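Visitor: According to the working numbering, the sequence shown is numbered sequentially starting from 34. Shown below is the structure under consideration.
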Amino acid sequence: SGMGCMLYRIAYSATLASVVLSIVVAGVPARKLAQSDTPSPPKSDDSKPWWMYVVIPVISAVVGWFTNVLALQMTFYPLEFTPSFLAFTQIPEQPIGWLVLFGWQGIIPSKAPKMAEIVTRLMTTKLIDVQEVFGRLDPKLLAQDLKAGMETSMEKVIDEVMMQEAKGTWQAAPSHVKKEVVNLALSRSADFTAGLIKEMQVNIYEVLDMIGMNRRLAKERKEKIVQIFQEVGAEEFTFIEHSGFYFGFLFGLLQTLIYAFYDAVWVLPAAGFIVGFATNYLALLLIFKPVQPKRLCGLYTLHGAFLKRQQHVSAHFAQLLGDLFVNAEHMWFEILNGKKKEEFRAMFRKYAFKFADQEMGVAKILLKAVIGDEAINRVMKCGVEALLNEFGNIIPFGYKYTDKALDIKNTLEYQLKKLPPADFEGVLHPAFEEDEFKLIVVGGALGACAGLLQEFVLFGDLLW
34 SGMGCMLYRI AYSATLASVV LSIVVAGVPA RKLAQSDTPS PPKSDDSKPW
84 WMYVVIPVIS AVVGWFTNVL ALQMTFYPLE FTPSFLAFTQ IPEQPIGWLV
134 LFGWQGIIPS KAPKMAEIVT RLMTTKLIDV QEVFGRLDPK LLAQDLKAGM
184 ETSMEKVIDE VMMQEAKGTW QAAPSHVKKE VVNLALSRSA DFTAGLIKEM
234 QVNIYEVLDM IGMNRRLAKE RKEKIVQIFQ EVGAEEFTFI EHSGFYFGFL
284 FGLLQTLIYA FYDAVWVLPA AGFIVGFATN YLALLLIFKP VQPKRLCGLY
334 TLHGAFLKRQ QHVSAHFAQL LGDLFVNAEH MWFEILNGKK KEEFRAMFRK
384 YAFKFADQEM GVAKILLKAV IGDEAINRVM KCGVEALLNE FGNIIPFGYK
434 YTDKALDIKN TLEYQLKKLP PADFEGVLHP AFEEDEFKLI VVGGALGACA
484 GLLQEFVLFG DLLW
């Protein structure tokens, strides 16, 4: 989003500014640094205006809030590496490039395929049995839904085969003869399709790569992965933003007390780093920890904020996952065009030849005597390939029934609600787990930058 990109640019500029200001601090005259290294005596009431100490915890609260908001935005945005002209420096599946400070891609977009793989592994190992789910399809009902697609495609398939193998005869044939041939083929199409579906159900793991499907979809649709994490964790992200303010204020009170008695030039920047670092750390910690509910002094139950909402989150997550990723359209596309498409095509050919042999029966023996084995095999091969190539136009007629029969959304919701908290944590935590430290350090760097600005703007001690 535009806001995400804008906040990224602010973070980028602020981080660079903190580096520059750190260099400036390093250049402060030795006398000043030496003076600042010596503990200051207690200040008189007029040594500094009272309001300066009042604003320190307020600024600390704002810094805590801002660094947490920024950490979230840097988790989700930008969707692509920014600036784009430095995209060649990006480390694969990392938000940064080898130039480190020069460029950023949101953590989730940069790791979208990997996160999709983590969620898919959770889904296929702890939530659903893919073969059992596909076993819910009734081959006859699906074949009935595909009949309309077959009617549209069969005429095209037969015409293509006959024009290739018996062009003159086919062109000379009366239209009612052609129609009869098509109707004969259609009369057996439902049995053919039902048998094919049964074959696929038995061999589903050989023809459908769920992990590959979701990795591809996540890479192509990074914004959808971002949408899932944002919507599922909406309350937790609001908690992160608000907690940054509260924790920042509390740390600011301590910061004020220290600064009142010891105002060395590095105190505010150091305290700013601690505030930014600690608020990000605590906010992320309290979302997922403790995994199991724990009573505190018998008065309050501590439980990870995300884990407390397991029942509600499960329904929303299942709905989003089903709508955006695990649905009939995407699964059929993966079967027909994905990593295991050749396995599906081989299964289709093998089944189709077997079906044709059974259907032809005694007629095949008579045809052999008339036109020979080679011609029969050539016609069968041509017909199978034509139907296989047309199958992608037939299968969409079965999407609605497939989604209804598989019932992925309700199955996922039911199983997610039953997950132990330790496993449920894996639904959202992968969004942060690998790069938590980066976000925390960025928060610390921005807090240090804010501390330097406080020292310079409020107290005027930085440069003179």
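Glycine included, every Cβ here is placed at the ideal spot set by N, Cα and C. All figures in this text were calculated on a predicted structure; none of them were measured in a lab.
1) Measure how close the beta-carbons of Ala501 and Gly484 come, nearest whole angstrom, since I'm counting them as under 8 Å.
2) Do Val214 and Ile191 have their CB atoms nearer than 9 Å?
3) Considering only the beta carbon of each residue, do Leu132 and Lys180 sit closer than 9 Å?
4) Taking the alpha helix (DSSP H) that Leu445 falls in, what are its first and last residues?
5) Determine, using beta carbons only, whether Phe114 and Gln123 come nearer to each other than 9 Å.
6) So the alpha helix (DSSP H) Arg221 belongs to, where does it begin and stop?
7) What are the boundary residues of the beta strand (DSSP E) that includes Arg328?
8) Which class does Gly130 belong to by DSSP, given the choice of helix, strand or coil?
9) Would you kindly work out how many angstroms separate the C-alpha atoms of Cys482 and Met364, rounded to a whole number?
10) By the 10 Å Cβ neighbour count, where 16 or more other Cβ atoms means buried, how is Ser93 classified, buried or exposed?
11) At 4 residues or longer, and completely inside the segment 261–294: list those alpha helix (DSSP H) runs for me, N to C.
12) Cutting at 6 Å between CB atoms, please list the residues of its own chain near Val166, excluding the five before and the five after it.
13) Out of Trp84, Leu119, Pro116 and Glu488, state which residue places its alpha-carbon closest to the alpha-carbon of Gly305.
14) Would Leu332 be called buried (16 or more neighbouring beta carbons within 10 Å of its own) or exposed?
15) Mind checking Gly201: buried by the 16 CB within 10 Å criterion, or exposed?
16) Could you have a look at Trp98 and say whether DSSP puts it in helix, strand or coil?
17) Put Trp299 into one of helix, strand or coil per three-state DSSP.
18) Pull up the distance between the alpha-carbon of Asn147 and that of Glu126, whole angstroms please.
19) In or out: Phe325 buried (at least 16 other Cβ within 10 Å) or exposed?
20) What number of angstroms, rounded off, separates the C-alpha of Leu561 from the C-alpha of Phe430?
21) What residue from Val412, Asn426, Ala145 and Val95 has the CA that sits closest to Gly245's CA?
22) If we ignore side chains and look at the alpha-carbon of each, how far apart do Gly480 and Tyr279 end up?
23) Checking the sheet assignment: what are the DSSP bridge partners for Tyr333?
24) Between Val417, His349 and Ala379, which has its C-alpha nearest Asp390's C-alpha?
25) Rounded to whole angstroms, what is the Cα-Cα separation between Lys387 and Lys373?
26) Quick one: what does DSSP say Gln138 is sitting in, helix, strand or coil?
27) Roughly how many angstroms lie between the CA atoms of Glu188 and Ala385, to the nearest whole one?
28) If we require 4 or more residues per run, which alpha helix (DSSP H) segments fall completely within the segment 169–227?
29) Three or more C-beta pairs under 8 Å: does that hold for the segment 443–452 against the segment 314–328?
30) When the Cα of Lys471 is compared with those of Tyr238, Met107 and Gln177, which residue comes out closest?
31) If Leu112 sits next to Lys255, beta carbons under 8 Å apart, how far is it from one beta carbon to the other, in whole angstroms?
32) For the alpha helix (DSSP H) that Asp242 lies in, which residues bound it at each end?
Guide: Reading off the structure:
1) This structure does not reach residue 501, given that the chain is present from 34 up to 497, and the question cannot be answered.
2) The count along the sequence shown starts at 1 and reaches residue 214 at position 181. The count along the sequence shown starts at 1 and reaches residue 191 at position 158. Going by C-beta atoms, Val214 is nearer than 9 Å to Ile191.
3) Position 99 of the sequence shown holds residue 132. Position 147 of the sequence shown holds residue 180. Contact flag unset, no.
4) Numbered from its first residue, the sequence shown carries residue 445 at position 412. Per DSSP, Leu445 belongs to the alpha helix (DSSP H) from Ile441 to Lys451.
5) Numbered from 1 along the sequence shown, position 81 holds the residue referred to as residue 114. Numbered from 1 along the sequence shown, position 90 holds the residue referred to as residue 123. Yes, these two residues count as a Cβ contact at 9 Å.
6) Your numbering for residue 221 matches position 188 in the sequence shown. Per DSSP, Arg221 lies in no alpha helix (DSSP H) and is assigned neither H nor E.
7) Along the sequence shown, read from residue 1 onward, the residue named residue 328 stands at position 295. Here the beta strand (DSSP E) through Arg328 covers Lys327 to Leu329.
8) The sequence position of residue 130 within the sequence shown is 97, counting from 1. In this structure, Gly130 counts as strand in the three-state DSSP scheme.
9) As a working note, residue 482 is residue 449 in the sequence shown. As a working note, residue 364 is residue 331 in the sequence shown. One C-alpha to the other measures close to 49 Å.
10) Locating residue 93 in the sequence shown gives position 60, where the first residue counts as 1. Its Cβ being crowded by 16 or more others within 10 Å, Ser93 is buried.
11) Those alpha helix (DSSP H) runs which fall completely within the segment 261–294 and span 4+ residues are 267–294.
12) Numbered from 1 along the sequence shown, position 133 holds the residue referred to as residue 166. Shown here for Val166: same chain residues with a beta carbon closer than 6 Å to its own, the five before and five after excluded, namely Leu439 in chain order.
13) Taking the sequence shown and counting its residues from 1, one reaches residue 305 at position 272. Taking only the C-alpha atoms, the option nearest Gly305 is Glu488.
14) On the sequence shown, residue 332 is found 299 positions in, with the first residue counted as 1. Sixteen is the threshold: since fewer than 16 other Cβ atoms of the shown chains lie within 10 Å of the Cβ of Leu332, the residue is exposed.
15) The residue you call residue 201 lines up with position 168 of the sequence shown. Counting the other CB atoms within 10 Å of its CB gives Gly201 a total below 16, which places it among the exposed residues.
16) Numbered from its first residue, the sequence shown carries residue 98 at position 65. Judged by DSSP in its simplified three-state form, Trp98 adopts helix.
17) Walking along the sequence shown from the start, residue 299 turns up at place 266. Correct three-state label for Trp299: coil.
18) Start at 1 with the first residue of the sequence shown, and residue 147 comes out as number 114. Start at 1 with the first residue of the sequence shown, and residue 126 comes out as number 93. Per the sequence presented here, residue 147 reads as Lys, with Asn not at that position. The straight-line gap from Cα to Cα measures roughly 8 Å.
19) Working through the sequence shown from its first residue, we reach residue 325 at position 292. Note that residue 325 is Gln in the sequence shown here, rather than Phe. Residue burial annotation: Gln325 is exposed, with fewer than 16 other C-beta atoms found within 10 angstroms of its C-beta.
20) Look at the range of the chain in this structure, 34 to 497, and you will see that residue 561 is not part of it.
21) Counted from its first residue, the sequence shown places residue 245 at position 212. Looking at the Cα atoms, Ala145 is the closest of the given residues.
22) Translated into the one-based positions of the sequence shown, residue 480 becomes position 447. Translated into the one-based positions of the sequence shown, residue 279 becomes position 246. Across the structure, Gly480 and Tyr279 are spaced so that their CA atoms are roughly 15 Å apart.
23) For this step, residue 333 is matched to residue 300 along the sequence shown. DSSP lists Leu329 as partners of Tyr333.
24) Locating residue 390 in the sequence shown gives position 357, where the first residue counts as 1. Nearest of Val417, His349 and Ala379 to Asp390, Cα basis: Val417.
25) Taking the first residue of the sequence shown as 1, we reach residue 387 at position 354. Taking the first residue of the sequence shown as 1, we reach residue 373 at position 340. So the alpha carbons of these two residues sit roughly 22 Å apart.
26) In the sequence shown, residue 138 corresponds to position 105, counting from 1. Coil at Gln138, not helix or strand.
27) The sequence position of residue 188 within the sequence shown is 155, counting from 1. The sequence position of residue 385 within the sequence shown is 352, counting from 1. Each residue's Cα considered, the two are about 18 Å apart.
28) Counting only runs of 4 or more, we get 172–198, 200–205 and 208–220.
29) Counting C-beta pairs with one atom in each stretch, the segment 443–452 and the segment 314–328 have fewer than three that are closer than 8 Å, which means they do not touch.
30) Here the question's residue 471 lines up with position 438 in the sequence shown. Considering only Tyr238, Met107 and Gln177, the residue with the shortest C-alpha distance to Lys471 is Met107.
31) Here residue 112 corresponds to residue number 79 of the sequence shown, with the count starting at 1. Here residue 255 corresponds to residue number 222 of the sequence shown, with the count starting at 1. The pair is a contact, with the Cβ atoms about 5 Å apart (cut-off 8 Å).
32) In the sequence shown, residue 242 corresponds to position 209, counting from 1. Asp242 -> no alpha helix (DSSP H), and no H or E assigned at all.
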